[in-house]
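Presented below is the structure to which this report refers.
Numbering (the working numbering), first residue to last: 9 to 729.
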C-alpha cells in the first residue's frame, strides 16, 4: 500500500512543480497540462507494478509504454489544434523542438499556444515518470523528490520577470517532500505508517507555513539569470519599407485622410515608432522586438501615472507599426511583438483596414518636481543614443558637425544642468524657425544644415530631428518619436487623421527614463491645426517644466544655479535590509541545518549499517535494534550480553518482542563466535527482526517520543558503540 501512497504524493509534488510554469504562461493554461503530465505517468507506473507483483516490470517496458502514453496524451491535450494542419510527427517535431526557442524569445506571460505549452509536458512528464520509478525501485526516502526539483530548475529561469509568484508553490512542495519522507520511512513495501503520519503531517504543514512566511524576507542581492539575454529574437517582418518619419511630410500635405479611430474618454498622444539610431542620412529603430502574449513590461518613469484604456480601429494606416499611448501595458485582439526598452509595438503582418484591438496603458504624468535635479542617464543604451556617425562611406567627420555643436552651445549658453540644456534648446528652436508643412522633407546632415542655416522653415520632422542631433552634440542621449496628437472627437470616439501626425524628440534621464521635449512653434499646436483638443495634462506639465527650467536665472561667473542644483538631495535609494532580517535568516539556517542533521543522521547510519559483509550487516542490525530499545528507556547496554539485552528489552516492550530479540541475539552471537562466517540469508533475517522490532517500538513509545529523542544532540552519534 505504501507504494501507491508514494506514487500519489510524487504525482502531486511534480504537478506543483509544473505549476511553477505559471510565471511563463499564466496559471489557467498551465493547470490542465501540468496535472495531466504529472498524473498519467504515475498511473501507468502504478498499473505496471500491480498489487500481485512483488516487483515492478522491467524498466525498459515502463519506458516504452510511457513514451507511447506521452505521445498520445500530448497529441490529444496540447497539440490537438496543431494536428488539423499536419501530421502528428510534424506537430511533435515543430512543437517539441521549436518550443524552447519560442519561449526564450517571448517575454512572460507567453501566449497559451499549443506549440509553446508543449514545453510544460516535455519537462513535467519525464519528471513524473522518474519520480514514480524511483518511488517503486529505490528505498531512499527523498529520492523521488529530485525530479520535481529539476522541474523547478527549468521553470524558474524561464519565468524570470513573470507576473506570478511561486512562493506558495514552493511552500506546498516543502510540505509534500516532508510527507513523502514520512510515508517511505519503513520502506516502499511496508504498510502505510498511519501513526507516523498523524503527527508528521501537521508538522510538515507548519514547516511549509514557515517556508511561505520566510520566502519574501530572503534578500537577493544579484539579478536572477535570464536565459533570454542569450537568445537574439528575430526582428518583425517589415513589409513596409518606408519609415514613419519619411511619411510625415506627405501626411501633412494631405491632412484629411483618416488613419485610425480611437474610442476612449481621454485624449492621449498616440505613439507610432521610436527611432534611436542615426547614420548621418536617416533615423531608424534598433528595437529588439519579442513576442509577449500582449503584455508590455513596465519601463522606468515617474511615480505618477494614469490608467488609460482605448479601443483602436485601423482605417488607412499603412505599415506594421501599431499606434498606442505611452506606456502600453496590454494589447488584446491583435498579435503584436514588443520592444521592451521603448514599449513600441509592431504587428506580425501589415495592418489591414477594419482591424480592431484594445490597449491598456499607464501613461506617465511628469511634473516640474519630478524633473528637478534630474541627471542624464548613463550606460550602454544611453551611450548608443549619443553617437554622431560620419555618414555612410564617410572617411572624416562632416563639416556640419562643428557648426551644429556651435549652434547648440549658443542656444544653451548659461545652462547649468542637463535639464536646463534640454529645455533651453527646445525653447530656442521654438522661436528660431517657422512651422511650414510645405518644406521639403529630409533629415540628413546636409538637409538639417539647410534648415538651420538658410531655410529656417520646416515640419515636425525637421524640428524633432534637428533637436535630437543638436542634443547629441551636447552629450545628451536623444531619440525621435513619431506619433499622433489631437484628432476630431465625436462623443467617445476620436478620428485621427494624417494631419494629426507629429514628431518629437526625447532625452533620457537617470531613473526617470525618456522625457519628451517640444521644439515646435506654437503655431503647430494640435488645437490650431485641427478640431481636436489641446495637449493633455501630461503635455501641459511638461511644457511648464520646460519653460521653468529654461527661464531659471543664473550668474554666468559664479554658476550659482548649477551649485544649487548640485546641492539638491539625491532621490532616496531603497533602504538597506535591517540587521534583524539577516539575524533571523542566520538563526533559521542554523535551525534548519540542525534539524537536517539530527533527522538525516539516523537514516544515514541505518543505510551504512545495512551495507558490508554479512557479519557486518548482522552487527549493524544489532546496533540498530539497540537504538530502537533506547526509545523505550533501555540505554545502559555496554555491560550486558546480547541475550541479556534481549531479555530486558522483551520485558520493556512486550512478549511479541521476544520473538524478534531472541533470534537476533542468537545471530549476533553466531556472527561473533561461530567457526564459519554467516551468510547473506542470516544477515537478511537479522534485518527482518530489526525492522519488525522498530515497528513494535513505534507502536509502544509513540512517534512523538521518538522524534523528541532524535532532536537531542546525542542522536547524532547513536546509542550503541
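Think of the CB as a built atom: it goes at the ideal place given N, C-alpha and C, for glycine as much as any other residue.
Small disclaimer: the values here were computed from a predicted structure and weren't measured.
TODO: Taking residue 135 as the reference, give the member of 389, 19, 272 with the closest Cα.
DONE: 19
TODO: Would you list the one or two residues that DSSP bridges to residue 313?
DONE: 372
- [ ] Run the CB neighbour count on residue 75, radius 10 Å, all protein chains shown included, and call it buried at 16 or more, exposed below.
- [x] exposed
- [ ] Pick out whichever of 447, 531, 481, 486 has its Cα sitting closest to the Cα of residue 470.
- [x] 447
- [ ] Count the other CB atoms, across all protein chains shown, that sit within 10 Å of the CB of residue 267; report buried if there are 16 or more and exposed otherwise.
- [x] So residue 267 ends up on the buried side.
Open item on the list: Between residue 168 and chain C, is the shortest Cβ-Cβ distance under 9 angstroms, so that the two count as touching?
Closed with: Absence of chain C from the displayed structure is noted, only one protein chain being present.
- [ ] Determine, using beta carbons only, whether residue 355 and residue 328 come nearer to each other than 9 angstroms.
- [x] yes
Open item on the list: Tell me the rounded alpha-carbon separation between residue 666 and residue 655.
Closed with: Each residue's alpha carbon lies about 7 angstroms from the other.
- [ ] Leaving out five residues on either side along the sequence, give the residues of the same chain with a beta carbon under 7 angstroms from the beta carbon of residue 22.
- [x] 46, 132, 135, 136, 139, 155, 156, 159
TODO: Check whether the region 438-456 touches the region 420-427, taking contact to mean three or more Cβ pairs, one atom from each stretch, closer than 8 angstroms.
DONE: no
- [ ] Could you tell me which of 502, 489, 669 sits nearest to residue 285, measuring between CA atoms?
- [x] 489
Task: the region 409-416 in contact with the region 490-505 per 3-pair CB rule at 8 angstroms - done: no
Open item on the list: According to DSSP, is residue 398 part of a helix, a strand, or is it coil?
Closed with: coil
Open item on the list: If contact is defined by three or more beta carbon pairs under 8 angstroms, each pair taking one atom from either stretch, is the region 474-481 in contact with the region 391-406?
Closed with: The region 391-406 makes contact with the region 474-481: 3 or more CB pairs, one atom from each, lie closer than 8 angstroms.
- [ ] Mind reading off the beta-carbon distance from residue 351 to residue 324? Whole number of angstroms is fine, and I expect it under 8 angstroms.
- [x] Going by Cβ atoms, the distance from residue 351 to residue 324 rounds to 24 angstroms, so no, they are not a contact pair.
- [ ] Using only the heavy atoms of the ligand MN, determine whether one of them is closer than 8 angstroms to the beta carbon of residue 293.
- [x] This structure simply doesn't include the ligand MN, nor any ligand for that matter.
Task: Distance, residue 699 Cα to residue 639 Cα - done: 14 angstroms
- [ ] Would you grab the beta carbon distance between residue 17 and residue 127 for me? Rounded to a whole angstrom, and I think it's under 8 angstroms.
- [x] About 25 angstroms; that fails the 8 angstroms criterion.
Task: Classification of residue 684 by the beta-carbon crowding that lies within 10 angstroms, buried from 16 upward - done: exposed
Open item on the list: Are the CB atoms of residue 35 and residue 111 within a distance shorter than 9 angstroms?
Closed with: no
- [ ] For residue 422, name the three-state secondary structure that DSSP assigns.
- [x] coil
Task: Buried or exposed (CB count within 10 angstroms, at least 16 for buried), residue 575 - done: Confidence at residue 575 is low in this model, with a pLDDT of 35, below 50, so the placement of that residue should be treated as unreliable; the coordinate-derived value is given next. With fewer than 16 other Cβ atoms within 10 Å, it is exposed.
TODO: Say whether the region 457-471 touches the region 271-289, bearing in mind that this needs 3 or more beta-carbon pairs closer than 8 angstroms, one atom from each stretch.
DONE: no
TODO: Just confirm the distance between the C-beta atoms of residue 282 and residue 295, as a whole number of angstroms; I'd bet it's less than 8 angstroms.
DONE: 7 angstroms
Task: Nonlocal neighbours in the same chain, by C-beta distance under 6 angstroms from residue 584, ignoring five residues either side - done: With a pLDDT of 48 at residue 584, under the threshold of 50, the modelled position of that residue is not reliable, and the figure given next carries that caveat. Once the five neighbours on either side are set aside, residue 584 has no close Cβ partner at all.
Open item on the list: The alpha helix (DSSP H) that contains residue 175, what's its start and end?
Closed with: 175-191
TODO: May I ask which residues mark the beginning and end of the alpha helix (DSSP H) holding residue 139?
DONE: 122-145
- [ ] Name the two residues that bound the continuous alpha helix (DSSP H) containing residue 479.
- [x] Note, residue 479: alpha helix (DSSP H), 468-481.
TODO: Measure how close the beta-carbons of residue 320 and residue 367 come, nearest whole angstrom, since I'm counting them as under 8 angstroms.
DONE: Indeed they touch by this definition, with Cβ atoms about 6 angstroms apart.
Open item on the list: One question on the structure: do residue 458 and residue 289 come within less than 9 angstroms of each other, judged by their Cβ atoms?
Closed with: no
Open item on the list: Whole angstroms are fine: how far does the CA of residue 147 sit from the CA of residue 676?
Closed with: 25 angstroms
Task: Own chain, CB closer than 8 angstroms to residue 679, minus 5 neighbours either side, in chain order - done: 622, 623, 626, 627, 685, 686, 690
Open item on the list: Just to confirm the assignment, what range does the alpha helix (DSSP H) spanning residue 336 have?
Closed with: Residue 336 -> not in any alpha helix (DSSP H); beta strand (DSSP E) instead, spanning 336-340.
Open item on the list: Residues in the same chain with beta-carbon distance under 6 angstroms from residue 670, minus the five sequence neighbours each way, listed in chain order, please.
Closed with: 654
- [ ] Answer with buried or exposed for residue 364, where buried requires no fewer than 16 other C-beta atoms within 10 angstroms of its C-beta.
- [x] exposed
TODO: Measure how close the beta-carbons of residue 253 and residue 431 come, nearest whole angstrom, since I'm counting them as under 8 angstroms.
DONE: Beta-carbon to beta-carbon, residue 253 and residue 431 are separated by about 24 angstroms, too far to satisfy the 8 angstroms threshold.
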